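Notes follow the structure.
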Amino acid sequence: MRELIDALLHSETFFAKLSPTLLTLIFMALGALLIVLVLALNALIAVYAERKVSAWMQERLGPMEVGPRGILQTLADTVKLLVKEDIIPAAADKRLHWLAPFLAFVAPCAAFAALPYARNFVFANFDIGVFYVTAITSLSVIALLLAGWASNNKWALLGGMRAAAQIVSYEIPAGLAILTIVMQVGSLNFNDISLAQDGGIHHWLIWRYFPFNLIAFLVFYLATLAECNRTPFDLPEAESELVAGFHTEYSGFKWSIFMLSEYAEMLLVALVGAALFLGGWSSPIPGFLNTGAWGVLWFGLKGVVLILTHMWLRWTLPRLRVDQLMHLSWKVLTPFSFACIVGVGLWMLA
Amino acid sequence: MTFFDVMFYVLAAMILLSAAIMVFAKNLIYNAVGLLFAFFGVAGLYVMLGADFLAATQLLIYVGGILVLLLFGVMLSQRITGLEMRTGTLQMLPAVIVCAGVVAILLRMIWMSPWQKTEVGEPAATTRTIGTLFMTDYLIPFEIVSVLLLAALVGAAFIGRRDAR
């Protein structure tokens with residue numbers, strides 16, 4: 108984005124008359140707005156897709172009434188949610204009850220700034236992009252804990268605590284799997300990592316150092332699925348035990364922000380997975396539409412495929428128990444990710 | 016005043032305000048939330064100093080680790096076992112003496128140190144340098160810390176398991 112600003116400053120248009128700081132600020136605001144708009148659109152489409160996918164898997168029709176094949180259903184639901192009464196329980200901590208959903212949405216939003224959308228296009232091209240994304244998403248843990256605590260409700264509190272314990276545990280295998288990739292590319296910059304796998308499907312990092320990177324990808328996929336609190340890891344909002352978990356006491360607009368951030372997080376982990384293991388913005392076919400803005404298409408497509416697998420798993424698998432959840436994280440995924448690091452390290456030395 | 020200066024004062028105000036909330040709020044959860052924003056402000060200052068890696072580490076360790084642990088502790092003891100936890104003012108006189116001493120030392124340090132002023136340049140990549148230093152000049156401290164953390168991990172697992180048997 109800095110290159111774009113520089114180009115505008117040295118161009119003949121009226122942008123050149125503005126001060127560089129003002130122009131940077133305008134671009135920052137526009138970038139942030141764009142991210143929020145894309146995330147809102149993502150939630151609209153993803154909720155519809157989820158309902159249709161589940162219907163298809165259960166041999167139902169799903170939403171069919173609003174618009175052709177029910178395509179406007181989520182739009183109608185959004186309007187309903189926005190005009191719904193905002194209920195705050197009398198005994199809740201009002202300030203924290205208000206703060207928690209916004210904190211939950213800020214975390215994935217901030218992370219989207221660092222993703223590589225196309226060749227040489229990132230909102231913020233920093234050197235430590237991967238590390239920044241893992242660091243900033245830890246904010247959502249705090250948000251869920253605060254939401255559970257502020258609601259002053261047993262189920263909400265237990266759900267919040269479960270969510271926090273789960274996310275903190277699964278951050279470790281996910282981080283180690285990311286480390287495997289960072290180690291072989293030698294950079295924490297998302298664009299460098301995408302560049303290292305440019306030139307067709309056989310250059311993708313998932314195939315390199317077979318089978319270590321493939322295992323690292325599976326570890327990363329499962330761990331990030333758990334971090335999104337999705338089935339089979341949806342214990343924090345297990346409806347048969349905890350009503351709705353940490354958002355039991357939320358309604359209307361604030362509840363929809365929680366939903367928005369859940370779908371934003373799904374998109375985020377899908378895109379990070381695509382950037383680290385599946386070639387990022389580069390085309391799967393060598394030389395086919397592998398230039399400039401086409402990168403957005405490929406990157407988005409890879410993200411969508413990963414999200415569809417999230418949905419597929421959700422409507423296929425039953426939920427894990429708490430002890431199975433912790434067992435999977437600490438005794439299965441973590442050792443495997445360590446094995447990947449050691450394996451790739453030895454291979455690189457050999 | 017440049018944009019850089021404005022950002023500095025915004026961050027400084029944020030740190031001071033949230034630190035004040037952290038110190039003066041009676042409710043332990045509010046203390047933790049104040050601490051959260053203070054950590055964020057400090058991370059912002061690190062970014063302004065060009066220490067991007069340090070800023071991300073600050074977020075990962077303090078927000079993602081220590082603060083979560085702190086909130087966990089408070090929630091488990093307060094809402095679940097019903098233990099009342101509030102902060103209060105105790106031992107007024109010794110506290111004032113200790114604080115005045117610390118303030119005096121800090122003020123003296125601020126006045127006496129020869130502050131270096133440099134122009135704000137393009138931030139350079141720090142990660143590679145930090146990594147190299149950890150593996151060469153600071154290898155022993157790095158290893159000692161990792162052994163210490165491992166010991167803490169084993170100890171925590173041991174304490175956690177003792178009740179089960």
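Chains as they are written, first to last, in our numbering: chain S, 108 to 457; chain Y, 16 to 180.
Glycine is no exception: its CB is placed at the ideal position from the N, C-alpha and C atoms.
Quantities reported herein were computed from a predicted structural model and do not represent experimental measurements.
Beta-carbon spacing of residue i, residue j below 7 Å
| i | j | result |
| --- | --- | --- |
| V449/S | Q291/S | no |
| F353/S | G255/S | yes |
| G56/Y | I36/Y | no |
| L179/S | V186/S | no |
| L253/S | A271/S | no |
| N296/S | D200/S | no |
| Y316/S | W454/S | yes |
| M164/S | W362/S | no |
| L440/S | P318/S | no |
| S358/S | I194/S | yes |
| E348/S | S258/S | no |
| I313/S | F219/S | no |
| R158/S | P170/S | yes |
| A162/S | A71/Y | no |
| I145/Y | F39/Y | no |
| V160/S | M418/S | yes |
| V376/S | T331/S | yes |
| A371/S | P215/S | yes |
| L342/S | R226/S | no |
Best match in the options for proximity to residue i [C-alpha to C-alpha]
| i | options | result |
| --- | --- | --- |
| L413/S | A457/S, I288/S, L440/S, A382/S | A382/S |
| W405/S | G307/S, G174/S, F134/S | G307/S |
| E344/S | W388/S, V429/S, I133/S, T244/S | V429/S |
| F384/S | K409/S, R226/S, H117/S | K409/S |
| V213/S | I235/S, P223/S, G236/S, S245/S | S245/S |
| L148/S | P196/S, P442/S, E334/S, L374/S | L374/S |
| G236/S | L151/S, S126/S, L222/S | L222/S |
| V248/S | Q73/Y, V83/Y, Y45/Y, L64/Y | V83/Y |
| G79/Y | L427/S, Y239/S, R202/S, W163/S | Y239/S |
| A140/Y | T423/S, G293/S, A217/S | G293/S |
| G399/S | L168/S, L151/S, V229/S, A197/S | V229/S |
| L86/Y | L51/Y, F68/Y, G116/Y | L51/Y |
| A34/Y | F23/Y, Y24/Y, N46/Y | N46/Y |
| A156/S | H309/S, V403/S, G177/S | G177/S |
Residue-chain proximity (residue i, chain Y), Cβ-Cβ < 7 Å
| i | result |
| --- | --- |
| T128/S | yes |
| S245/S | yes |
| A468/S | Past the boundaries of the shown model lies residue 468/S; chain S is included only from 108 to 457, so the question cannot be answered. |
| D234/S | yes |
| F209/S | no |
| L427/S | no |
| W256/S | yes |
| F238/S | yes |
| A333/S | no |
| V292/S | no |
| A271/S | yes |
| L295/S | yes |
Short CB-CB distance (under 7 Å) between residue i and chain S
| i | result |
| --- | --- |
| T142/Y | yes |
| D20/Y | no |
| D152/Y | no |
| M90/Y | yes |
| F68/Y | yes |
| V83/Y | yes |
| V78/Y | yes |
| A171/Y | no |
| L108/Y | no |
| L26/Y | no |
| L148/Y | no |
Those residues which DSSP pairs with residue i across a bridge
| i | result |
| --- | --- |
| P55/S | Past the boundaries of the shown model lies residue 55/S; chain S is included only from 108 to 457, so the question cannot be answered. |
### Message
For the structure I just gave you, are there three or more beta carbon pairs, one from the region 419–436 of chain S and one from the region 271–279 of chain S, closer than 8 Å?
### Response
Yes: the two stretches touch, three or more of their Cβ pairs being nearer than 8 Å.
### Message
Pairs of beta-carbons, one from the region 196–209 of chain S and one from the region 357–369 of chain S, closer than 8 Å: are there three or more?
### Response
The way I'd put it, the region 196–209 of chain S does touch the region 357–369 of chain S; three or more beta-carbon pairs between them come closer than 8 Å.
### Task
Check whether the region 321–329 of chain S touches the region 281–295 of chain S, counting contact only when three or more Cβ pairs, one atom from each stretch, lie closer than 8 Å.
Contact holds between the region 321–329 of chain S and the region 281–295 of chain S, because three or more Cβ pairs, one in each stretch, are under 8 Å apart.
### Message
I want to know whether the region 18–34 of chain Y touches the region 51–65 of chain Y - three or more CB-CB distances under 8 Å.
### Response
Verdict: yes, contact present.
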